[in-house]
Ligand SMILES: [Ca+2]
Ligand SMILES: [Ca+2]
Ligand SMILES: [Ca+2]
Ligand SMILES: [Ca+2]
Ligand SMILES: [Ca+2]
Ligand SMILES: [Ca+2]
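Residue numbers (my numbering), protein chains in the order written: chain A, 2 to 361; chain B, 2 to 361.
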């Protein structure tokens with residue numbers, strides 16, 4: 002089992018400046034490298050405190066790459082529809098070189114109506130644009146004289162510069178596929194996977210992951226599929242303190258998400274079945290239930306070790322668990338403390354072993 | 002008089018890898034900070050060895066910002082038409098924070114038909130898209146609940162995150178305006194200016210700059226307009242060696258430019274009068290004449306000091322001269338040597354004084 006860190010800035014500017022948020026987060030990336038985390042990743046969102054400090058993940062991640070030398074750098078994810086494939090192929094290849102081959106390129110479909118509206122892109126095109134962009138970028142990375150005649154983009158023959166550092170190209174991750182079909186398609190294509198367990202049931206996610214693994218195997222791809230599974234983690238030697246932080250910042254997350262997705266109340270798309278009910282879920286949020294269901298990690302290092310052992314049982318232990326340690330406007334000292342506890346007391350229980358007896 | 006460094010990668014991948022080009026260039030940015038240069042800047046271009054290693058200047062510049070603490074970081078420039086204003090406002094604001102307020106935001110119109118074709122944007126729209134994007138970005142940086150109803154983009158009300166570090170916003174530079182009217186318009190708007198003397202006659206550039214300064218003054222803007230004027234510099238204690246390098250790499254530049262603009266032979270736009278004749282100019286290139294006309298700087302430190310004194314006489318001494326020291330695939334040791342010579346023997350002649358007697 003491996004571990005990474007992720008950044009999803011659900012931060013109101015009144016609570017923490019962007020300068021401080023970035024500086025603190027970059028400090029955590031350096032700490033993650035010291036503690037032996039596998040990767041650092043961040044999201045793409047706009048306008049609202051629900052992720053709005055990260056309108057361009059590549060920019061933050063380039064700074065993260067410049068401050069480190071070993072840890073992998075992951076987009077988690079870029080929203081394919083919002084950047085032209087030529088621009089996206091170019092900037093990601095630049096980051097791959099600047100990091101000397103440490104890029105994991107996660108692509109997502111996006112789901113916030115306000116963001117699609119601002120970019121002037123019909124949200125019902127998101128799936129088709131996602132598929133077209135991932136394939137166009139892959140071809141721009143690997144082929145010369147690319148001629149692209151897609152539904153949304155037409156160009157070529159062009160030969161992209163720079164070609165990526167990694168050969169044949171940086172690992173491609175598909176982010177947050179939520180249907181069994183899209184997970185199976187990702188496996189067939191040989192793409193890696195980024196999943197967010199808080200938005201699906203355990204059973205659905207298990208099914209998705211096993212469909213994904215089977216599709217990868219059936220397609221005969223070399224190597225193993227990589228799966229990054231994202232959680233927020235609250236650790237303290239004092240359990241009550243960890244749970245209180247969890248309750249506070251998870252509630253902040255849910256409230257800011259509610260604000261960002263409010264326009265679903267007036268947006269319907271048959272491409273996003275069930276998304277309208279997100280709004281209802283927010284009102285019914287229950288931290289204790291969320292903790293019981295392992296959708297958030299909180300407690301002492303021992304508690305969190307137990308949770309991760311359970312996650313390994315449910316979803317497999319050849320995963321990379323990607324953890325956010327600085328949710329909301331949490332004071333940075335608290336985040337760094339939690340990360341040290343995790344790195345020093347939780348990670349060792351899982352290193353190098355596929356059998357987790359020591360942790361139970 | 003101030004000095005900056007600029008990067009225009011006219012590099013064939015066979016001659017230098019992108020990894021080496023970026024690593025070496027970032028080393029020059031660190032050296033520039035040590036030597037007291039004001040800024041580091043780079044361009045945006047695609048596909049061909051004429052700039053193609055820089056499809057996203059913000060990505061390279063974010064790495065440059067992470068490696069330094071004082072030097073200003075300039076886009077020189079982003080091509081406005083190729084990135085949505087929301088994305089551009091966001092990533093530039095991120096860089097402004099990551100650099101703690103060191104961003105100079107240069108916007109250009111672009112001029113290569115192959116690039117516009119790849120992005121699916123009619124090149125005759127470049128001027129209007131440039132104007133719309135600069136104004137949309139400025140409003141996204143400075144206002145809340147922005148409603149934009151432009152010719153090419155419609156969005157809002159949206160409030161961008163993060164807002165920039167610098168208040169009210171990072172300095173806006175208009176790049177390579179070549180007509181007196183566009184220079185005057187930049188001055189009236191209170192924008193700063195980036196110019197490339199190699200593409201205009203001395204008289205035209207003098208006229209453009211004085212129209213620009215007059216328009217700035219007439220509009221009553223506070224402070225002084227900043228003008229960045231770009232050259233490539235070849236220095237050696239051995240004059241013959243410097244001139245040989247100049248001849249070699251200037252010819253490489255001209256040849257690669259010819260390749261990149263070849264499609265002008267089949268592209269005509271009344272928005273770009275005279276651009277077709279670029280192709281003819283390439284065939285007639287004469288390094289000695291270019292040196293005589295101060296369109297390229299080359300020679301001993303004394304020679305280059307003379308050239309810069311002449312530039313100050315022609316265009317004013319309240320300029321920032323932005324110099325490229327690593328053209329083409331020049332060995333990095335040669336670039337570093339030239340930069341040390343410039344920083345230690347040329348810059349001191351111009352520091353702090355508007356009267357350049359010492360240099361003549
Ligand atoms: Ca607020
Ligand atoms: Ca602060
Ligand atoms: Ca136990
Ligand atoms: Ca070649
Ligand atoms: Ca090398
Ligand atoms: Ca003299």
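Glycine included, C-beta positions come from ideal geometry on N, C-alpha and C. Small disclaimer: the values here were computed from a predicted structure and weren't measured.
Please state the DSSP three-state secondary structure of residue i.
| i | result |
| --- | --- |
| residue 220 of chain B | coil |
| residue 354 of chain B | With a pLDDT of 49 at residue 354 of chain B, under the threshold of 50, the predicted position of this residue should be treated as unreliable, and no value is reported. |
| residue 38 of chain A | coil |
| residue 7 of chain A | strand |
| residue 231 of chain B | strand |
| residue 193 of chain A | strand |
| residue 87 of chain B | helix |
| residue 77 of chain B | strand |
| residue 15 of chain B | coil |
| residue 323 of chain A | strand |
| residue 273 of chain A | coil |
| residue 20 of chain A | helix |
| residue 333 of chain B | helix |
| residue 97 of chain B | helix |
| residue 155 of chain A | strand |
| residue 51 of chain A | strand |
| residue 173 of chain B | strand |
| residue 297 of chain B | coil |
| residue 359 of chain A | Because residue 359 of chain A carries a pLDDT of 44, less than 50, the predicted location of this residue cannot be relied on, and the following value inherits that uncertainty. Residue 359 of chain A falls in the helix class under three-state DSSP. |
| residue 117 of chain B | helix |
| residue 162 of chain B | coil |
| residue 107 of chain A | strand |
Hey, residue i and residue j are a contact pair by Cβ (cut 8 Å); roughly how many whole angstroms apart?
| i | j | result |
| --- | --- | --- |
| residue 185 of chain A | residue 213 of chain A | 6 Å |
| residue 138 of chain A | residue 89 of chain A | 6 Å |
| residue 230 of chain A | residue 320 of chain A | 5 Å |
| residue 87 of chain A | residue 47 of chain B | 7 Å |
| residue 151 of chain B | residue 133 of chain B | 5 Å |
| residue 156 of chain A | residue 334 of chain B | Not quite, the Cβ-Cβ distance comes to about 39 Å (not below 8 Å), so this is no contact. |
| residue 4 of chain B | residue 348 of chain B | 6 Å |
| residue 58 of chain A | residue 79 of chain A | 6 Å |
| residue 316 of chain A | residue 207 of chain A | 6 Å |
| residue 110 of chain A | residue 83 of chain A | Not quite, the Cβ-Cβ distance comes to about 11 Å (not below 8 Å), so this is no contact. |
| residue 2 of chain A | residue 288 of chain A | Not confirmed; about 25 Å, so no contact. |
| residue 117 of chain B | residue 176 of chain B | The pair is not a contact, with the Cβ atoms about 16 Å apart (cut-off 8 Å). |
| residue 29 of chain B | residue 295 of chain B | With a Cβ gap of about 23 Å, residue 29 of chain B and residue 295 of chain B do not count as contacting. |
Anyone know if the C-beta pair for residue i and residue j falls short of 8 Å?
| i | j | result |
| --- | --- | --- |
| residue 249 of chain B | residue 325 of chain B | no |
| residue 53 of chain B | residue 9 of chain B | no |
| residue 66 of chain A | residue 100 of chain A | yes |
| residue 191 of chain B | residue 217 of chain B | yes |
| residue 244 of chain A | residue 339 of chain A | no |
| residue 173 of chain A | residue 94 of chain A | no |
| residue 343 of chain B | residue 305 of chain B | yes |
| residue 331 of chain B | residue 246 of chain B | yes |
| residue 60 of chain A | residue 31 of chain A | no |
| residue 329 of chain A | residue 239 of chain A | no |
| residue 102 of chain A | residue 166 of chain A | yes |
| residue 297 of chain B | residue 251 of chain B | yes |
| residue 188 of chain B | residue 168 of chain B | no |
| residue 153 of chain A | residue 273 of chain A | no |
Using a cut-off of 7 Å between C-beta atoms, extract the partners of residue i located in chain A.
| i | result |
| --- | --- |
| residue 53 of chain B | 162 |
| residue 101 of chain B | 20 |
| residue 5 of chain B | Per Cβ cutoff of 7 Å: no residues; residue 5 of chain B is ~20 Å from chain A at best. |
Quick one: list the residues of chain E neighbouring residue i, beta-carbon separation under 7 Å, in chain order.
| i | result |
| --- | --- |
| residue 119 of chain B | Of the chains in the structure shown, none is chain E; the protein chains are A and B. |
Should residue i be listed as close to ligand 7, given that the test is whether its C-beta is under 7 Å from any heavy atom?
| i | result |
| --- | --- |
| residue 304 of chain B | Among the ligands modelled here, namely ligand 1, ligand 2, ligand 3, ligand 4, ligand 5 and ligand 6, ligand 7 does not occur. |
At a CB-CB cut-off below 7 Å, which residues of chain B make contact with residue i?
| i | result |
| --- | --- |
| residue 61 of chain A | 95 |
Run through chain B and tell me which residues come within less than 9 Å of residue i, C-beta to C-beta.
| i | result |
| --- | --- |
| residue 83 of chain A | 85, 87 and 88 |
Which residues in chain B have a C-beta closer than 8 Å to the C-beta of residue i? List them in chain order.
| i | result |
| --- | --- |
| residue 64 of chain A | 63, 64, 66, 67 and 99 |
| residue 107 of chain A | Result: empty, since nearest Cβ-Cβ is about 17 Å, beyond 8 Å. |
| residue 48 of chain A | 159, 160, 161 and 162 |
| residue 14 of chain A | 162, 163 and 164 |
At a CB-CB cut-off below 8 Å, which residues of chain A make contact with residue i?
| i | result |
| --- | --- |
| residue 57 of chain B | 59, 88, 91, 92 and 95 |
| residue 23 of chain B | 95, 98 and 99 |
How would you list, in chain order, the residues of chain A whose beta-carbon sits under 9 Å from the beta-carbon of residue i?
| i | result |
| --- | --- |
| residue 166 of chain B | 18, 19 and 20 |
contact_flag[the stretch 71-86 of chain B, the stretch 30-43 of chain B] where n(CB pairs < 8 Å) is 3 or more: yes
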